[in-house]
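As you go down the protein sequences, you meet chains A and B in turn. All residue numbers for the first sequence refer to the working numbering, where the first residue is 252 and numbers rise by one. All residue numbers for the second sequence refer to the working numbering, where the first residue is 30 and numbers rise by one. First the structure, in the form of structure tokens, and then the observations on it.
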Amino acid sequence: MKQRDPELLLQHAPFLRQGMTTPTAMGDVLIALTPATLAGLWYFGISAVLVIGASIAGAVLTEIAFIGTERRGESLLDGSGLLTGLLLGLTLPPGLPMWMAFLGGVIALGLGKVIWGGLGNNLFNPALVGRAFLLATFPIAMTTWTTPDEAFWTFRATNFDIPFTYTEVDGITAATPLGLMKFEQQVMPLSNLFMGSTSGSLGETSGLLLILGGIYLYIRRDLDWRVPVSILLTVLVFSATLGLFDSERFPTPLFSVFSGGLLLGAIYMATDPVTSPTTPTGTWIFGIGIGLLVVLIRVFGGMPEGVMYAILLMNAATPLIDRFTQPRVFGHMRGDND
Amino acid sequence: MTESENRDYNEFIKGIWRDNPVFVQVLGMCPMLAVTNSAINAIAMGGATLFVLVGSSFLVAAFKKWIPKQVRISCFIIIIATFVTIADYTLLALVPVVHKELGAFIPLIVANCMILGRQEAFASKNTVRLAVMDALGMSTGFVIALFTLGAVREILGAGSLFGIDLFGAAWEPWVIMILPPGGFLTLGLILLVFNWMTQRKQMFMEKVAEAQRSDS
């Protein structure tokens, strides 16, 4: 028998409802990402729709296929699969074939989330697992960047590659600001990085809109401010220190913060509550670790960008950080915890 | 089928499915992950392992009365090493290209837990005939596992099988499949499917048993 709306509600204390549930938190992140997604549409046109759509489809269909029927509705409605697909799509280059984006979504959900036991049990950020797989699997397609200044309805031929094929393009490719910096020593003006009119992944180009989304998340209390602040501060300080030694060779601190996927990663991916530490001290260690790794990989590594690996590596360290930063239980002496 | 033939058959077949050295016992992981980036390497490695395992199981079972218990492991290792050396030089003479690709992993067959495990657990306690049947079954299971992994990785990673192009030039290779992570991913997924099938079979058998009980 199904219960109708009761006329008198009898309940135990507490009566204060905390409105924060998984679906609302996920919904907030989706809202916060909307401006950056729209900027992706603005700069990269129909390609953004195709690539992001394909990665969302891959993620959501995998969730439908692998989550048991009894938990399927709940798991789909919390929106985390949709969010994983969107985050993955925002980190992909605009000219990526749709089938690769779809495969990335399948891997992100399958190997990043479902196989660990679903939402809340995964060790690594699912979207970044999908991206790491794609980068290792299709290194050429994943590092072929196209220019943002084409008309909205320009169809990029590579988007429509038949599954399991890829046509290499030449002529219309453009290096990312970080690639230009690393391999050709050209510095992109900061205003372009701020507004987003540079080549790069779909959702990472506009610093301004990403920060706006982050502020919205902070106001809605969906995000631990320590994570992005510690990451960005570390990158600023470390870059400035390096700049003292050789300002020609090393990028300026502000360029470091606004180029590449740093803002997208720091605000939306590193802050994933499942894969970041729970204690305040741990959160600082986590963020500083990511910041250091990002600069180390960018400046001294072989690749122009290192945000993804930095976050994944610190994800792996998260259980250890949590274990070492447990606060003293009230009433216990120091050292009593064990 | 007589009883002894039946026993032979059982010892042979258990290595292929029920006690498969890779998918069930998860032994011999080093060659499993290292040399399965193409089907031909997998087959060569499987063949060498088959030869070593059958040869050493035969010798160990034949000499089990004369091997002192206290030094049995070193005796097994010497017997295994003999066959590994033979396999090493034979591959070098017959297929130098494959030998070069397998590199250090042929001498490392000595350290394959599966081989020493069969000597310790089976060959040193059974007759020559049963030991050889067991070795044949186990190594066939090992070859099947190596080949499955090698074929999946070569088809996805290079779009070919045994070096023959399957899909034409447009195929975009999955680079990761040729690299070490591809080995771990493929092995993990195969183990997943294997365990899932075993579990399904077990549940099915339980249901059948229950139905029979309620019938009677």
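From the three backbone atoms N, C-alpha and C, an ideal C-beta is built for every residue, glycine too.
Indicate the three-state DSSP secondary structure (helix, strand or coil) for residue i in the structure shown.
| i | result |
| --- | --- |
| Thr576 (chain A) | coil |
| Ser189 (chain B) | strand |
| Ser416 (chain A) | The amino acid at residue 416 (chain A) is misidentified as Ser; the sequence shows Thr. Thr416 (chain A) falls in the strand class under three-state DSSP. |
| Asp117 (chain B) | helix |
| Thr526 (chain A) | coil |
| Asp194 (chain B) | strand |
| Met252 (chain A) | Confidence in Met252 (chain A) is poor, its pLDDT being 44 and thus under 50, which makes the residue's placement too unreliable to answer from. |
| Trp200 (chain B) | strand |
| Thr288 (chain A) | helix |
| Thr388 (chain A) | helix |
| Thr177 (chain B) | helix |
| Thr397 (chain A) | strand |
| Arg47 (chain B) | coil |
| Gln54 (chain B) | coil |
| Gly582 (chain A) | coil |
| Trp95 (chain B) | coil |
| Gly132 (chain B) | helix |
| Arg477 (chain A) | helix |
| Ile318 (chain A) | coil |
| Gln262 (chain A) | coil |
| Lys364 (chain A) | coil |
Taking all protein chains shown into account, decide if residue i is buried (16 or more other Cβ within 10 angstroms of its Cβ) or exposed.
| i | result |
| --- | --- |
| Phe575 (chain A) | exposed |
| Leu514 (chain A) | buried |
| Met252 (chain A) | With a pLDDT of only 44 at Met252 (chain A), under 50, the local geometry of the prediction cannot be trusted, and no value is derived from it. |
| Phe213 (chain B) | exposed |
| Arg549 (chain A) | buried |
| Ser103 (chain B) | exposed |
| Asn66 (chain B) | buried |
| Ala294 (chain A) | First, the residue type needs correcting, since residue 294 (chain A) is Tyr and not Ala in the sequence shown. Looking at its Cβ environment, which holds 16 or more other Cβ atoms inside 10 Å, Tyr294 (chain A) is buried. |
| Leu547 (chain A) | exposed |
| Gln577 (chain A) | exposed |
| Tyr38 (chain B) | exposed |
| Met206 (chain B) | buried |
| Met226 (chain B) | exposed |
| Tyr417 (chain A) | buried |
| Phe509 (chain A) | buried |
| Arg182 (chain B) | buried |
| Thr485 (chain A) | buried |
| Ser457 (chain A) | buried |
| Asp244 (chain B) | exposed |
| Thr522 (chain A) | buried |
| Lys433 (chain A) | buried |
| Thr569 (chain A) | buried |
| Thr215 (chain B) | buried |
| Gln231 (chain B) | exposed |
| Gly170 (chain B) | buried |
Residue i touches chain A at which residues, Cβ-Cβ below 8 Å?
| i | result |
| --- | --- |
| Leu208 (chain B) | Ala387 |
| Val204 (chain B) | Ala387, Thr388, Phe389, Pro390 |
| Phe52 (chain B) | Within 8 Å Cβ-Cβ: nothing; Phe52 (chain B) doesn't reach chain A, min ~18 Å. |
| Phe196 (chain B) | Phe415 |
Check the Cβ of residue i against every Cβ in chain B and list those closer than 8 Å, keeping chain order.
| i | result |
| --- | --- |
| Thr416 (chain A) | Ala199, Trp200, Glu201 |
Which residues in chain C have a C-beta closer than 8 Å to the C-beta of residue i? List them in chain order.
| i | result |
| --- | --- |
| Phe384 (chain A) | Absence of chain C from the displayed structure is noted, the protein chains being A and B. |
How many whole angstroms separate the CB atoms of residue i and residue j, which I take to be in contact at a CB cut-off of 8 Å?
| i | j | result |
| --- | --- | --- |
| Leu284 (chain A) | Tyr519 (chain A) | 7 Å |
| Leu120 (chain B) | Ala77 (chain B) | 6 Å |
| Val280 (chain A) | Leu334 (chain A) | 6 Å |
| Leu504 (chain A) | Gly494 (chain A) | The residue you asked about is not Leu; residue 504 (chain A) is Pro in the sequence shown. About 7 Å separates the two Cβ atoms, so the contact holds. |
| Val64 (chain B) | Ala71 (chain B) | 7 Å |
| Leu97 (chain B) | Val113 (chain B) | The amino acid occupying residue 97 (chain B) in the given sequence is Pro; Leu does not appear at that position. With a Cβ gap of about 23 Å, Pro97 (chain B) and Val113 (chain B) do not count as contacting. |
| Val311 (chain A) | Gly332 (chain A) | 5 Å |
| Gly340 (chain A) | Leu453 (chain A) | 6 Å |
| Ala28 (chain B) | Ala73 (chain B) | Given that chain B is displayed from residue 30 to residue 245, the structure contains no residue 28 (chain B) and the question cannot be resolved. |
| Gly336 (chain A) | Ser306 (chain A) | 5 Å |
| Phe415 (chain A) | Glu201 (chain B) | 6 Å |
| Ile382 (chain A) | Thr342 (chain A) | Note on residue identity: the sequence assigns Arg, not Ile, to residue 382 (chain A). Confirmed, about 5 Å. |
| Pro60 (chain B) | Phe134 (chain B) | 6 Å |
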